[in-house]
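In our numbering, the protein residues as written are 7 to 295. Ideal Cβ placement from N, Cα and C applies to all residues, glycine included. All figures in this text were calculated on a predicted structure; none of them were measured in a lab.
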């Protein structure tokens, strides 16, 4: 059996593989646009502000992303904290400003949108996945976010046995203590000191206070939509991700380990759709409701 190489390598014209300076990290699938599982609407307080309502309506009509709309409201009304809240709807949201090429949003709606009485919406669409490993197509983690950046996140050890709680390492300074050292490859990460560096939700302050939550995303291509980068769909639903894993594993079993590409010679794709379901959860008294 050949010995595995611990370093990412590239083969050049069939010659010997060589390690690369920028190839030492985990391989990632580049993305070129975002489809959203829902929408954001004004909070009750924000809806009572005529200026906030005008900015929201103008942003929605112009196809702006909800982040852009929220920033515009915050700039105009700095005392209005968290002006938008998520709302679930039967369709996926496809907005021009969520794509580097805004025309792609219109192409997706034109190809797969339907009008069920509320305008042309994306209720269901075909996808093909770019990998045979569901962990690559559905990256996910427990993460605690601040206003602008991720504070803590889960990450498994190299052998897959230990789940650590990670954070950003302090930026080092030079011997004078006055200048930060220029870093190559971006900010460094480290294992968090709390909880002995372990990610244990039941013993985690942030998780118990609902500041840390499960978050994931699906990475895929859409047949008929030309793009060299994948599209992404974020979800925080444990049930959606768990159901997807079961589907991936079933398909892989039936196809000899393959998930990527079309499912057969008739170019049958996967389909993404939305389904409203009631799920049980545990209340403050520990009862299933």
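Of the residues the options, which one's Cα is nearest the Cα of residue i?
i	options	result
residue 93	238, 229, 44	44
residue 246	260, 226, 220, 271	220
residue 117	175, 104, 133	133
residue 180	174, 89, 172, 189	189
residue 266	77, 215, 228	228
residue 214	194, 63, 290, 69	290
residue 50	69, 91, 33	91
residue 28	191, 168, 275, 255	191
residue 175	199, 182, 184	199
residue 48	40, 63, 37, 69	63
residue 251	141, 86, 85	141
residue 137	262, 108, 225	225
residue 194	173, 184, 185, 210	173
residue 205	244, 178, 81, 169	169
residue 238	68, 262, 135	135
residue 196	211, 178, 275	178
residue 299	108, 202, 185, 275	Since the first residue of the chain shown is 7 and the last is 295, residue 299 is not available in this structure.
residue 146	212, 242, 167, 182	242
residue 244	148, 256, 182	148
Taking its Cβ as the centre, do 16 or more other Cβ atoms sit within 10 Å of residue i, making it buried, or is it exposed?
i	result
residue 293	exposed
residue 287	exposed
residue 187	exposed
residue 65	buried
residue 119	buried
residue 208	exposed
residue 300	Residue numbering for the chain in the displayed model covers 7 to 295; residue 300 lies beyond these limits and cannot be assessed.
residue 260	exposed
residue 285	exposed
residue 158	buried
residue 155	exposed
residue 144	buried
residue 7	Confidence is the limiting factor: at residue 7 the pLDDT is only 44, short of 50, which leaves the residue's position unreliable and the question unanswerable from this model.
residue 10	For residue 10, the predicted model reports a pLDDT of 48, less than 50, meaning its position is unreliable; a value from the coordinates is still stated below. It is exposed - the Cβ of residue 10 has fewer than 16 other Cβ atoms within 10 Å.
residue 139	exposed
residue 79	buried
residue 61	buried
residue 110	buried
residue 124	exposed
residue 25	exposed
residue 39	buried
residue 268	exposed
residue 254	buried
residue 17	Since pLDDT at residue 17 reaches only 46, below the 50 mark, its modelled position is unreliable, and the value read off the structure follows with that caveat. Per the 10 Å Cβ criterion, exposed.
residue 13	Note that residue 13 has pLDDT 48, beneath the 50 cutoff, so the model's placement of it is unreliable and no number is given.
Which whole-angstrom value is the C-beta distance of residue i and residue j, which I expect to be below 8 Å?
i	j	result
residue 217	residue 150	5 Å
residue 83	residue 58	6 Å
residue 35	residue 236	5 Å
residue 171	residue 160	6 Å
residue 4	residue 223	No statement about residue 4 is possible, as the shown extent of the chain runs from 7 to 295 and does not include it.
residue 115	residue 122	Actually they are not in contact, since the Cβ atoms of residue 115 and residue 122 sit about 13 Å apart, beyond 8 Å.
residue 113	residue 231	6 Å
Is any heavy atom of the ligand FMN found at a distance shorter than 6 Å from the C-beta of residue i?
i	result
residue 160	In the structure shown, the ligand FMN is absent, as is every other ligand, since no ligand is present at all.
Quiz item: Do the stretch 94 to 104 and the stretch 33 to 51 touch if we need at least three Cβ pairs shorter than 8 Å?
Solution: They touch, by the three-pair rule.
Exercise. Tell me the start and end of each unbroken alpha helix (DSSP H) in the stretch 121 to 158 that is at least 4 residues and wholly inside, in chain order.
Key: Runs of the alpha helix (DSSP H) inside the stretch 121 to 158: 140 to 143.
Quiz prompt | Cβ contact check for the stretch 122 to 130 and the stretch 276 to 284: 3 or more pairs under 8 Å | solution = Verdict: yes, contact present.
Quiz item: Looking at C-beta atoms only, is the number of pairs between the stretch 101 to 115 and the stretch 67 to 74 that lie closer than 8 Å three or more?
Solution: Segments in contact, yes.
Quiz item: Can you list the alpha helix (DSSP H) stretches of 4 or more residues lying completely in the stretch 161 to 217, in chain order?
Solution: Counting only unbroken stretches of 4 or more residues, the alpha helix (DSSP H) elements lying wholly within the stretch 161 to 217 are 211 to 214, in sequence order.
Quiz item: What residue ranges within the stretch 207 to 293 form continuous beta strand (DSSP E) runs of no fewer than 3 residues, ordered along the chain?
Solution: Taking 3 residues as the shortest admissible run, the stretch 207 to 293 contains the following complete beta strand (DSSP E) segments, listed from N- to C-terminal end: 218 to 226, 236 to 241, 276 to 279.
Quiz item: Going along the chain, which unbroken runs of the beta strand (DSSP E) with 3 or more residues stay wholly within the stretch 68 to 108?
Solution: Restricted to the stretch 68 to 108, the beta strand (DSSP E) segments that are unbroken, complete and at least 3 residues in length are 90 to 93, listed in chain order.
Practice problem: Taking only runs that begin and end inside the stretch 28 to 66, name each unbroken beta strand (DSSP E) of 3 or more residues, in chain order. | Solution: Runs of the beta strand (DSSP E) inside the stretch 28 to 66: 37 to 41, 45 to 48.
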